[in-house]
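I have placed the structure first, in the form of structure tokens, so that the comments after it can refer back to it.
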Amino acid sequence: MWQKVAKFKGAEYFLSVPLRGCDSGFGHALAKQLSDMGVKVFAGVLDVHGAGAQQLRARGCANLEVLQLDVTDGSQIAAAHQCIRAQVRDAGLWGLVNNAGILHTVADAELHPLLLYRRIMEVNFLGAVNMCQVFLPLLKRSRGRIINVSSVAGTWHGGDPHSVTSKAALSSFSKALRLELSAWGVRVAVIQPGGFKTSRSPFTDRLEKGNDSMKHKQVHISTREDYGEEYILSLVSNMLKMSQQLSEDLSPVVDDMCHALLAVRPRPLYTPGPMAWLLPFLQCYCPTAVFDSIIMRILKNDNCEPAGLSRR
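Going from the sequence shown to my numbering is simple: count from 1 and add 35.
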């Protein structure tokens, strides 16, 4: 796969892909690819009895171990750490992959309750911070790797403000870690995919559940009336159209994750997928007003605006 591959000196690998991670998507595919390469993988899943976990166990690989791991549950992280530390012992831990992430619905920032922001930050950002803090002693022992899977959404704005904020936080945290841990010989890489469909559950179902939460949870009725159901549904419709153009071939992302873990000279940033490099490029070189216009055309329906604007 690469001309040079790192020598591991007996160190084990730890694949941490909790909460919809190894259950499906990038984490599930990465766990299979690494185990096929002979890497020792501890695959964290949200539901150890779920279909994704059962598929991994059904492979019958001695070097693939499935662990119950919800990154929002400190006791589960502690139990996973104890299990892994007992196995790796003095060899330390070669790699930690933080791939946990959830997506709610696409709507303006005012339409999301604060509780949702907290929930998504707990999963997409604070969970990764907790995992890094818990497993860093083992990683420093082996001078290993940390791979944080963020998103191209973390480099721009609009559409799903809770998710883009959490991904931006994870990317910034990773940059800080990269500088701080260089003295310990620990490499830190960020994967920022763009344009991939990862969820096993229908995308429509997730958007509809998010739309229902705006109706029934902590969003004031006057706020919903300002925007109107037609406008909210238009945002969901646009996202559904965009999802139809997403690639189901996850191999570019998985290959980059493997490179970040195994290459002698891993890159600090990987941007698999066409949208992953194009949007940051445009953001860097276009005037702000031009880039904002591009994003608005992608996310918004020109024929539908918030109901409150038409009443002015």
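Beta carbons are placed, not taken as given, at the ideal position from N, Cα and C, and that holds for glycine.
Between the C-alpha atoms of residue i and residue j, what's the straight-line distance to the nearest angstrom?
i, j, result
"Val101", "Gln89", "9 angstroms"
"Ser185", "Pro228", "7 angstroms"
"Leu214", "Ala342", "47 angstroms"
"Leu334", "Asn165", "33 angstroms"
"Phe77", "Asn134", "13 angstroms"
"His255", "Leu275", "26 angstroms"
"Met331", "Asn273", "11 angstroms"
"Pro172", "Ala298", "22 angstroms"
"Gly308", "Ser209", "20 angstroms"
"Val187", "Gln318", "12 angstroms"
"Ile137", "Val221", "27 angstroms"
"Phe326", "Phe61", "29 angstroms"
"Ser328", "Leu268", "21 angstroms"
"Val129", "Glu157", "Sequence inspection shows Trp at residue 129; the Val mentioned does not correspond to that position. Rounded to whole angstroms, Trp129 to Glu157 spans 25 angstroms at the Cα level."
"Leu312", "Gln280", "According to the sequence as given, residue 312 is Trp; it is not Leu. For Trp312 and Gln280, the distance between alpha carbons rounds to 17 angstroms."
"Thr107", "Ile155", "10 angstroms"
"Cys96", "Tyr320", "48 angstroms"
"Val141", "Cys167", "29 angstroms"
For residue i, does the count of other Cβ atoms within 10 angstroms reach 16, so buried, or fall short, so exposed?
i, result
"Pro322", "exposed"
"Gly127", "buried"
"Arg153", "exposed"
"Asn159", "buried"
"Thr233", "buried"
"Trp219", "exposed"
"Tyr305", "buried"
"Gly109", "exposed"
"His84", "exposed"
"Leu270", "buried"
"Tyr262", "buried"
"Phe316", "exposed"
"Leu344", "exposed"
"Asp143", "buried"
"Ala324", "exposed"
"Ala115", "buried"
"Asp105", "buried"
With the cut-off set at 8 angstroms, would you say residue i and residue j are in Cβ contact?
i, j, result
"Gln103", "Val80", "yes"
"Leu314", "Thr200", "no"
"Ile119", "Met292", "no"
"Val169", "Ile112", "yes"
"Met310", "Gly179", "no"
"Arg176", "Ala224", "no"
"Glu260", "Cys339", "no"
"Ser59", "Asn98", "no"
"Arg351", "Lys67", "The structure shown does not extend to residue 351, since the chain spans only 36 to 347, so no value can be given for it."
"Thr258", "Leu149", "no"
"Leu131", "Leu174", "yes"
"Asp82", "His139", "no"
"His197", "Leu151", "yes"
"Ala86", "Val289", "no"
"Ala163", "Ile226", "no"
Consider the Cβ of residue i: report whether some Cβ of chain D lies at a distance smaller than 8 angstroms.
i, result
"Val80", "Judged by its chain identifiers, the structure shown contains no chain D, having just a single protein chain."
### Query
For the region 142-172, which segments carrying the beta strand (DSSP E) assignment without a break, of at least 3 residues, lie completely within its bounds, in sequence order?
none
### Task
Tell me, please, whether the region 204-219 touches the region 283-299 by the rule of three or more beta-carbon pairs shorter than 8 angstroms.
no
#### Entry: Entirely enclosed beta strand (DSSP E) segments - the region 92-152, minimum 3 residues
Those beta strand (DSSP E) runs which fall completely within the region 92-152 and span 3+ residues are 99-103 and 128-133.
### Message
Going residue by residue through the region 60-96, where are the continuous alpha helix (DSSP H) segments of at least 4 residues, counting only ones entirely within it?
### Response
DSSP runs (the alpha helix (DSSP H)) wholly in the region 60-96: 60-71 and 86-93.
### Query
What alpha helix (DSSP H) runs, 4 residues minimum, are completely inside the region 280-331?
286-297 and 309-320
### 4 or more residues per run - each alpha helix (DSSP H) lying fully within the region 169-224
196-216
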